[in-house]
């Protein structure tokens, strides 16, 4: 059992945990950036249906989406050095942080790949054909037509993946990385104030997640501003609707096809 609850420790532990936020954000940023590159590479065989590479990418997706990330951390940290020893490569002195970032990047890349594939596939193929018709190259059509629309479509999923990655970093302490959760474990064991420590930790995670959610929402609104403008221009105003109802005349026809007078 821990010590009795003391509100004073909430603020104290909140301040003590803040310096380790840098390590958590470093893992998130590096793994997401690397994961985006991996996701794009893995998505290409799926999009263009390259026979052998498509099968390899499916195996990669099945493994990283079908196994817990904690098991993946252990496999890469303990298993990868043993495999590399077989080819005379010694990575025993490589800091654990690099294995953590690599694991999270590969894990995120699997979900990024599906996000990219779905977003690109959602863009109307006719727009690409129209771009070719006006003389655009494949690269120009992708960067000017497909990419902006795919980015807007993928952004909600991307924001969820970033926030999920942030919360998954709480498992990095299992390899000795002193990030937010690792520091909170140390504080809780030393002081025996477990509840105060974990409440402070939860508040920090909530603030960061809430801030990221709002940030991505603003970016999404920025990307979709043109679509909202088109909808606004096409939507009739209330005055126009009132005029249409007020002055709408439905002609009636009597016997013999003669139009009735109003």
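In my numbering, the protein residues as written are 47 to 308. All C-beta atoms in this analysis are idealised placements derived from N, C-alpha and C, irrespective of residue type, glycine included. Treat the numbers as computed from the prediction; the structure is a model and nothing was measured.
- In the structure shown, residue 113 adopts coil according to DSSP, grouped into three states.
- Going by beta carbons, residue 85 and residue 205 fall outside the 8 Å limit.
- If you draw a straight line from the Cα of residue 56 to the Cα of residue 66, it comes to about 16 Å.
- DSSP places residue 96 in no alpha helix (DSSP H); its state is neither H nor E.
- By the beta-carbon neighbour count (other beta carbons within 10 angstroms, threshold 16), residue 260 is exposed.
- Burial is judged here by how many other beta carbons sit within 10 angstroms of a residue's own beta carbon; residue 132 has fewer than 16 and is exposed.
- Following the DSSP letters along the chain, one finds residue 158 inside the alpha helix (DSSP H) bounded by residues 142-168.
- The residue among 109, 226, 161 and 263 with its C-alpha nearest the C-alpha of residue 87 is 161.
- Under the three-state reduction of DSSP, residue 214 is assigned to helix.
- The beta carbons of residue 241 and residue 196 sit no closer together than 8 Å.
- The closest CA to that of residue 265, considering only 217, 233, 202 and 61, is found on 202.
- With respect to residue 74, residue 212 sits close: the two C-beta atoms are nearer than 8 Å.
- DSSP, read as helix, strand or coil, puts residue 174 in helix.
- For residue 78, same chain residues with a beta-carbon under 7 Å away, outside a window of 5 residues either side, are 154, 208 and 211 in chain order.
- In this structure, DSSP gives residue 181 a state outside helix and strand, which the three-state scheme calls coil.
- Judged by DSSP in its simplified three-state form, residue 139 adopts coil rather than helix or strand.
- Assignment of residue 238 by DSSP, reduced to helix, strand and coil, places it in the coil class.
- The beta-carbon separation of residue 81 and residue 151, rounded to 5 Å, stays under the 8 Å limit for a contact.
- In the DSSP assignment, residue 121 falls outside any alpha helix (DSSP H), carrying neither H nor E.
- For residue 177, same chain residues with a beta-carbon under 8 Å away, outside a window of 5 residues either side, are 186, 187, 190 and 191 in chain order.
- When the beta-carbon positions are compared, residue 60 and residue 254 stay at least 8 Å from each other.
- Annotation for residue 58: the continuous alpha helix (DSSP H) segment containing it runs 54-63.
- Sequence-distant partners of residue 118 (beyond 5 residues in either direction) whose C-beta falls short of 8 Å from its own C-beta, in its chain, are 110, 149, 152 and 153.
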